[in-house]
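S.K.: Please see the structure below; I have some questions.
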Amino acid sequence: MDESWVVVAKYPYSSEAQIYKGRLEAEGIQVHLQDEYTIDTDPLMSHAIGGVKLKVRKEDEDFALEILEKMPKFSLTNEGEKIHCPKCNSSKIDYFTTIHDLKTFLAFLGSWIVAALPFYAAYEYRCANCKTKFKKL
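Shown next as structure tokens:
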């Protein structure tokens with residue numbers, strides 16, 4: 002039996018990957034998360050290493066992709082409503098961690114030096130359609 006694993010999705014945070022992992026496991030698919038602990042240790046490294054990789058066995062790839070296609074992929078407000086781009090009004094919005102100011106950089110550097118989680122992180126939204134970056138509305 003071939004036990005090769007393939008990446009079917011990538012997520013910036015392990016908490017997001019866990020949701021999709023649980024859904025696939027509920028369908029009887031074996032799932033492995035790669036780089037989960039690395040990103041939990043330092044969330045700012047997520048984009049540098051390509052996020053948390055959701056892997057399934059090769060023979061389950063098509064079924065897993067079919068299930069993932071049916072699940073919502075973009076950011077929602079705390080009330081569960083879609084977030085819209087202020088420029089093009091698209092609801093295909095990604096949420097990510099960023100280093101854009103001195104405070105964020107110092108928090109990242111300090112956490113790296115002491116090998117701890119950052120005490121401060123900055124977040125932005127990015128429209129998947131027009132690539133506009135914006136902060137929480």
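Here the numbering used here is used: the first residue of the sequence shown is 2, the next is one more, and so on. The C-beta atom is built at its ideal place from N, Cα and C for all residues, glycine as well.
#1: Would F106 and R127 qualify as a contact pair, given that the criterion is a beta-carbon distance under 9 Å?
#2: Hey, could you find the ends of the alpha helix (DSSP H) H48 is sitting in?
#3: Need the endpoints of the beta strand (DSSP E) that Q35 sits in, please.
#4: Let me know if P44 comes out buried or exposed under the rule of 16 or more other beta-carbons within 10 Å of its beta-carbon.
#5: Consult DSSP for Y38 and reduce its assignment to one of helix, strand or coil.
#6: Since Y14 is in the beta strand (DSSP E), which residue starts that stretch and which ends it?
#7: In this structure, does DSSP put I94 in helix, strand or coil?
M.R.: So, from the listed chains and residues:
#1: Residue mapping note: residue 106 aligns to position 105 of the sequence shown, counting from 1. Residue mapping note: residue 127 aligns to position 126 of the sequence shown, counting from 1. Against a cut-off of 9 Å, the Cβ pair of R127 and F106 comes out as no contact.
#2: Numbered from 1 along the sequence shown, position 47 holds the residue referred to as residue 48. Looking at the DSSP string, the run of the alpha helix (DSSP H) that includes H48 is S47 to I50.
#3: Here residue 35 refers to the residue found at position 34 when the sequence shown is read from its first residue. That run of the beta strand (DSSP E) goes V32 to Q35.
#4: Along the sequence shown, read from residue 1 onward, the residue named residue 44 stands at position 43. Buried.
#5: Looking up residue 38 in the sequence shown gives position 37. Helix.
#6: Taking the sequence shown and counting its residues from 1, the one referred to as residue 14 is at position 13. No beta strand (DSSP E) contains Y14, which DSSP labels as neither H nor E.
#7: By one-based count along the sequence shown, residue 94 stands at place 93. DSSP places I94 in strand when its eight states are reduced to three.
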